[in-house]
Amino acid sequence: MFYQIKILDQKINKLFEEQVGFSLTRYEMLMILHDKAPCLQGELQNHLQIDQAAITRQLQILEEKGYVARKRNPENNREVIVEPTSKVVAAIGECEANCSRQSLMDIINLSSEEVAQLTRLLEKFDQGLNHIK
167 MFYQIKILDQ KINKLFEEQV GFSLTRYEML MILHDKAPCL QGELQNHLQI DQAAITRQLQ
227 ILEEKGYVAR KRNPENNREV IVEPTSKVVA AIGECEANCS RQSLMDIINL SSEEVAQLTR
287 LLEKFDQGLN HIK
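Residues in the sequence shown are numbered consecutively from 167, following the working numbering.
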């Protein structure tokens, strides 16, 4: 079952990236920055639970595409402040439009009842995993 979940995760990530133009990880980063900007790179890294190299690589890609701006913290030169650009709001809106519940129902041919049931099962699975920690 865990292998099936892993394969589904890979397929979902690929489909998401094809639909919106960036990965789920980058989307999550943009959502965090949209809600909590400005944000220290280290705080973002901790929230996403990824290593230093990964956060730097992801932010570099987002910066090159014009979604974020990074600068050194003038009060502590070791820290990097990350801020979203105006392009983020448009990207999030487009993503939400492309990845709506209706879109999911159309892509994998689920009824609204099946989507609701799947959502409940995923939430239950997540809660169960949280109790293991």
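Positions of the beta carbon are idealized from the N, C-alpha and C atoms, including for glycine. This structure is a prediction, so every number in the text was calculated from the model and none was measured.
DSSP places Lys231 in the coil class of the three-state scheme, outside both helix and strand. Exposed is the label assigned to Phe291, since fewer than 16 other Cβ atoms lie within 10 Å of its Cβ.
Under the three-state reduction of DSSP, Glu241 is assigned to coil, being neither helix nor strand. C-alpha of Glu209 to C-alpha of Leu174: approximately 29 Å in a straight line. Ranked by Cα distance from Gln211, the first of Asp201, Met195, Ala235, Lys180 is Met195. Annotated three-state conformation of Leu288 is helix, per DSSP.
Every unbroken stretch of the alpha helix (DSSP H) spanning 4 or more residues and falling wholly within the segment 175 to 224 is given here in chain order: 190 to 202, 207 to 214.
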